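A.B. asks:
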Amino acid sequence: MLPLECLDCFKSEHYFNICLFFLLPIEEEHVKKPKSKAEVCGYPVSIFIIVINEFCERFSYYGMRAVLVLYFKYFLRWDDDTATAIYHSFVAVCYLTPIFGAIIADSWLGKFKTIFSLSVVYTIGQAVMAVSSIHDLTDSNKDGTPDSLTIHVALSMIGLLLIAIGTGGIKPCVSAFGGDQFEDHQEKQRSRFFSIFYLSINAGSLLSTVITPILRGQECGINTQQKCYPLAFGVPAALMLVALLVFLAGSGLYKKVSPQGNVMLKVTKCIGFALKNRWRHRSKQFPKREHWMDWADEKYDKRLISQIKMVLKVLFLYIPLPMFWALFDQQGSRWTLQATTMDGNFGLMTIQPDQMQTVNPILIIVLVPVVDGLLYPLIAKCKLNFTPLKRMTVGMLLAASAFVVAAVVQIQIDATLPNFPEPGQSQLKFINLGNEAVTAKWTDKSLTLDKWTNSPYEDSKSEQIRLSVQYGQKPNNYSIDLQSGTRQTLLLTNSPVSIYMLKDIGEKPEQGSNAIRFVNGFNQPVKISVGGTDLGNVNFLSSTNYTLVGEGTSNFNFSSNGFFCNSSKTFGFGSSYTIVIKEMCTENTNLNLMYVEDIQANTIHMAWQIPQYFLMTSGEVVFSVTGLEFSYSQAPSNMKSVLQAGWLLTVAVGNIIVLIVAEAGEFPKQWAEYILFAALLLAVSVLFAVMAYFYTYVDPVQIEAQFDDEEQKKNHIYENGVNACEMEEGLKAHEDKQNDVKQTKI
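In this note's numbering, the protein residues as written are 24 to 769.
#1: Span of the alpha helix (DSSP H) holding Phe256?
#2: Just curious, the alpha helix (DSSP H) that Phe71 is in, first and last residue?
#3: Please report how far the alpha carbon of Ile49 lies from the alpha carbon of Ala128, in whole angstroms.
#4: Which residues mark the beginning and the end of the alpha helix (DSSP H) in which Thr107 is found?
#5: What residue does the beta strand (DSSP E) around Met287 start on, and which one ends it?
#6: If we count the other Cβ atoms within 10 Å of its Cβ and call it buried at 16 or more, is Gly585 buried or exposed?
#7: Tell me, please, which residues DSSP counts as bridged to Arg489.
#8: So the beta strand (DSSP E) Ala362 belongs to, where does it begin and stop?
#9: Do you know offhand how far Asp207's Cα is from Phe200's?
#10: Is it buried or exposed, Arg312, if we count other Cβ atoms within 10 angstroms and call 16 or more buried?
#11: How would you label Val151, buried or exposed, when you count the other beta carbons within 10 angstroms and need 16 or more for buried?
#12: In angstroms with no decimal places, state the Cα-to-Cα distance between Thr107 and Asn383.
#13: Report, in whole angstroms, the separation of the C-beta atoms of Tyr718 and Leu340, which I expect to be a contact under 8 Å.
#14: Can you tell me the Cα-Cα spacing of Gly244 and Trp694, whole angstroms?
#15: What does the Cβ neighbour count give for Asn455, buried or exposed, with the cut at 16 atoms within 10 Å?
#16: Given that a residue counts as buried once 16 or more other Cβ atoms are within 10 Å of its Cβ, and exposed if not, what is Thr13?
#17: Look at the Cβ atom of Ala125, then the Cβ atom of Ala706, and state whether they are nearer than 8 Å.
#18: Which residue comes first and which comes last in the beta strand (DSSP E) that contains Gly575?
#19: To the nearest angstrom, how far is the alpha carbon of Ile402 from that of Thr673?
#20: With the cut-off set at 8 Å, would you say Phe653 and Leu360 are in Cβ contact?
#21: Taking the straight line between their C-alpha atoms, what separation do you get for Cys405 and Gly396?
#22: Rounded to the nearest angstrom, what separates Val92 and Asp104 at their Cα positions?
#23: What does a CB cutoff of less than 7 Å around Cys117 pick up in its chain, not counting 5 residues either side in sequence?
#24: DSSP state of Arg312, grouped into three classes?
#25: Can you find the residues in the same chain that come closer than 6 Å, C-beta to C-beta, to Arg510, ignoring five residues on each side of it along the sequence?
#26: Determine the burial state of Ser485: buried for a count of at least 16 other Cβ atoms within 10 Å of its Cβ, exposed for fewer.
#27: Using the C-alpha atoms, what's the distance from Gly650 back to Tyr145?
#28: Alpha carbon to alpha carbon, how far is Tyr716 from Pro343?
#29: List the residues that DSSP assigns as beta-bridge partners of Asn455.
#30: Between which two residues does the alpha helix (DSSP H) harbouring Ser641 extend?
#31: Rounding to the nearest angstrom, what Cα-Cα distance links Met629 and Glu459 in this structure?
#32: In the structure shown, what three-state DSSP assignment does Glu36 receive?
#33: Could you give the DSSP three-state label for His628: helix, strand or coil?
#34: Closest to Gly240 by C-alpha separation, out of Val572, Val648 and Leu267, would be which residue?
#35: Closer than 6 Å by C-beta to Ile147: which residues in its own chain qualify, once you throw out the five before and the five after it? Chain order, please.
#36: To the nearest angstrom, report how far apart Asn562 and Met524 are at their CA atoms.
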């Protein structure tokens, strides 16, 4: 069984921050006492500082990560696959660096200096990320688009690398450092501290995942207004600076444990020696040994070798686990991108795509007590042998089913998305601005439009077409150049007969916004503004550029020849409209607008993602919590940090798997990739179930007790041997003395 403190903290993906305290024993002779021993309600003041530090750090990390994939796609202009690959590369590095952080803390700097040093690196990284997202940084022509994305990409990569080093490096240190602050008699306070520590982690991550998408959705900029990524990254950077300053402020209050050597290095050396020695004695003339680790007994004691054997058995079971994390961590990448094509209007509130990630921590808080307090006891009463490895298998199956549900949702989304032209193909749409019907003919196609109507998009594989436009009896012929892979709109009018071509938007608008443009079908120039943005004067048969507006009601203002009028329209998520001005308001007429829908708004509601989040979170609760509990129970007391490193490594490898699939895999539809991941995890679940069937549970405490008994027997024999030797020497001395007496008498 795990100690109570660890069980209290196994509530989410943040568990490994907390329980590392139990992996690092404290030796009092290496402890530097604080200058003053201040307490509040029986707790050291220092632990409150550590809790505040952890809240700010988790807010910083998860706040930045919540908007990261959208920053890649919409600011750096990467496609979905590249954005996903870089996102998971970053997460993978974040879970590789804890190993080095633990080694630095245990073998060199100690926990306090490691946390402080790497927090400085962490803060600089967050600041660099905030600077990298300022679009005005390289926008010399003030058109709202960075002139050199290379600079922004370089700064982003530097910032992310520094963040990964910082957050990963301090991950195995903070909770353990908090545990160091308590005395031996404060077990009750220490237990409560880890519960509070856990709450600070979840509070920081939950609040940041809600707040930073809201900050991102604001408009900001010096020359032009854009989505405010500098604010979304800047606030986490500020919170990390606060975390650093708060931690430093408590320096004189901390109990600091000196570095005492890292068990992972010792284990690595022992395994390396065993492999090297086995290779040297690979000839058949040397007798085989029961286990390949036994080749290390020439240099290392049997207790250490036995402990490593137990660890290797568990690490062998870790081999299939990365596939679970490959699916789990896509909540922040693929599932967030999926949400950008969905409707986030929940009535009383509007949910941003990246805010859907908050469903996971909310469900964690709800499901953990239900599973621990209700489900597991119910299964036990039914006398079902629901072992830890069986639980983990169920967790993997739940995660696989979550991706099946995600695929079903994606199929429904795809059915509502427009069919954009493929390379080598173009699409053409007509809008009749004339006051009578028009007939248009080209290639083998023909259509007739009434006045002030529009056609749907027509596919064309030709790069140039001969178009015949006929109002009344006389046709007019035109040569039209079409751009491959684009959508275009032709404006037709009979006053006089003429055409005007527009290039249409070729993808869903960014981040759930709506793209609108205005076409002047009125025979006088019209000045147009949307909200507070002035679009300038638009002449007859001319159009504005696309303007992005958010979900909800947008107000339009028009003026021409001294007349002013306004209108409004309520938009959903992800639509595109061409708004034609048919009539301006005058003394005798009212404003008359024609709305041409270029791209339909998102119609699949984000609430349909909740089932997949529920299944994934259920899988996390059953898989992750049980996995670490199993690892803890199967590891020797001084080897738990080794298994902790192995567990973190499975998370890193899982993200690398997503990176490989995103870059190498080419899928015609996103749902096919979801099905692939589900199938892979299903296959891995079967493999893991087979491995678990042949696994034999051990009791490390009992095994170590046997070694203790053997050592006591050896000591007893040694002590008895020493006593026997002393008695024999005494008898011999007595005999020699008697002989000397006899010789003297003679």
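Glycine included, every Cβ here is placed at the ideal spot set by N, Cα and C. Since this is a predicted model, take the numbers as computed values, not measurements.
C.D. replies: In terms of the structure at hand:
#1: Indexing the sequence shown from 1 puts residue 256 at position 233. From DSSP, the alpha helix (DSSP H) with Phe256 extends over Tyr252 to Ala272.
#2: Indexing the sequence shown from 1 puts residue 71 at position 48. Residues Val68 to Ala89.
#3: On the sequence shown, position 26 is the one that residue 49 refers to. On the sequence shown, position 105 is the one that residue 128 refers to. Bear in mind that the predicted position of Ile49 carries a pLDDT of just 37, short of 50, making it unreliable; the figure below should be weighed with that in mind. Distance between the alpha carbons of Ile49 and Ala128: 13 Å.
#4: Here residue 107 is taken as the residue at index 84 of the sequence shown, counted from 1. Here the alpha helix (DSSP H) through Thr107 covers Asp103 to Ile127.
#5: For this step, residue 287 is matched to residue 264 along the sequence shown. Careful: Met287 lies outside any beta strand (DSSP E), inside the alpha helix (DSSP H) at Val286 to Arg303.
#6: One-based indexing of the sequence shown puts residue 585 at position 562. Its Cβ having fewer than 16 others within 10 Å, Gly585 is exposed.
#7: Translated into positions along the sequence shown, residue 489 becomes position 466. In DSSP, Arg489 forms a bridge with Ser502.
#8: Here residue 362 is taken as the residue at index 339 of the sequence shown, counted from 1. Counting along the chain, Ala362 falls outside any beta strand (DSSP E), though it belongs to the alpha helix (DSSP H) covering Arg357 to Ala362.
#9: In the sequence shown, the residue the question calls residue 207 occupies position 184. In the sequence shown, the residue the question calls residue 200 occupies position 177. Their backbone Cα atoms lie some 15 Å apart in a straight line.
#10: Taking the sequence shown and counting its residues from 1, the one referred to as residue 312 is at position 289. Counting Cβ neighbours within 10 Å, Arg312 comes out exposed, since fewer than 16 surround it.
#11: Position 128 of the sequence shown holds residue 151. So Val151 counts as buried.
#12: In the sequence shown, counting from the first residue as 1, residue 107 sits at position 84. In the sequence shown, counting from the first residue as 1, residue 383 sits at position 360. Cα-Cα distance, rounded: 19 Å.
#13: Taking the sequence shown and counting its residues from 1, the one referred to as residue 718 is at position 695. Taking the sequence shown and counting its residues from 1, the one referred to as residue 340 is at position 317. Yes, Tyr718 and Leu340 are in contact; Cβ-Cβ is about 6 Å, under 8 Å.
#14: In the sequence shown, counting from the first residue as 1, residue 244 sits at position 221. In the sequence shown, counting from the first residue as 1, residue 694 sits at position 671. Roughly 37 Å between the two C-alpha positions.
#15: As a working mapping, residue 455 is identified with position 432 in the sequence shown. Result: buried.
#16: The first residue shown for the chain is 24 and the last is 769, placing residue 13 beyond what the model contains.
#17: If you number the sequence shown from 1, residue 125 lands on position 102. If you number the sequence shown from 1, residue 706 lands on position 683. No, these two residues do not count as a Cβ contact at 8 Å.
#18: If you number the sequence shown from 1, residue 575 lands on position 552. Counting along the chain, the beta strand (DSSP E) containing Gly575 begins and ends at Gly575 to Ser583.
#19: The count along the sequence shown starts at 1 and reaches residue 402 at position 379. The count along the sequence shown starts at 1 and reaches residue 673 at position 650. Near 29 Å, if we compare the C-alpha coordinates of Thr673 and Ile402.
#20: On the sequence shown, position 630 is the one that residue 653 refers to. On the sequence shown, position 337 is the one that residue 360 refers to. Against a cut-off of 8 Å, the Cβ pair of Leu360 and Phe653 comes out as no contact.
#21: Here residue 405 corresponds to residue number 382 of the sequence shown, with the count starting at 1. Here residue 396 corresponds to residue number 373 of the sequence shown, with the count starting at 1. C-alpha separation (whole angstroms): 15 Å.
#22: If you number the sequence shown from 1, residue 92 lands on position 69. If you number the sequence shown from 1, residue 104 lands on position 81. Distance between the alpha carbons of Val92 and Asp104 is about 10 Å.
#23: Against the sequence shown, residue 117 aligns to sequence position 94. Ala187, Thr190 and Gly191, listed in sequence order.
#24: The residue you call residue 312 lines up with position 289 of the sequence shown. Coil at Arg312, not helix or strand.
#25: Position 487 of the sequence shown, counting from 1, holds the residue named residue 510. Once the five neighbours on either side are set aside, the close Cβ partners of Arg510 are Gln450, Asp527 and Gly529.
#26: Position 462 of the sequence shown, counted from the first residue, corresponds to residue 485. Exposed.
#27: For this step, residue 145 is matched to residue 122 along the sequence shown. For this step, residue 650 is matched to residue 627 along the sequence shown. Answer to the nearest angstrom: the Cα atoms are 29 Å apart.
#28: Translated into positions along the sequence shown, residue 716 becomes position 693. Translated into positions along the sequence shown, residue 343 becomes position 320. If I take the Cα positions, the gap works out to 14 Å.
#29: Here residue 455 corresponds to residue number 432 of the sequence shown, with the count starting at 1. Paired residues: Leu515.
#30: Residue mapping note: residue 641 aligns to position 618 of the sequence shown, counting from 1. Per DSSP, Ser641 belongs to the alpha helix (DSSP H) from Ile633 to Glu643.
#31: Position 606 of the sequence shown holds residue 629. Position 436 of the sequence shown holds residue 459. Roughly 43 Å separates the two Cα atoms.
#32: Your numbering for residue 36 matches position 13 in the sequence shown. Because Glu36 sits at a pLDDT of 47, beneath the cut-off of 50, its placement in the model cannot be relied upon, and the following sentence gives the value as read from the coordinates. Three-state result, Glu36: coil.
#33: Taking the sequence shown and counting its residues from 1, the one referred to as residue 628 is at position 605. If DSSP states are grouped into helix, strand and coil, His628 belongs with the strands.
#34: Here residue 240 is taken as the residue at index 217 of the sequence shown, counted from 1. The candidate whose alpha carbon is nearest that of Gly240 is Val572.
#35: Within the sequence shown, residue 147 is the residue found at index 124, counting from 1. Within the same chain, Ile147 has close Cβ partners Leu185.
#36: Counting from 1 along the sequence shown, the entry for residue 562 is found at position 539. Counting from 1 along the sequence shown, the entry for residue 524 is found at position 501. When rounded, the distance between both Cα atoms is 14 Å.
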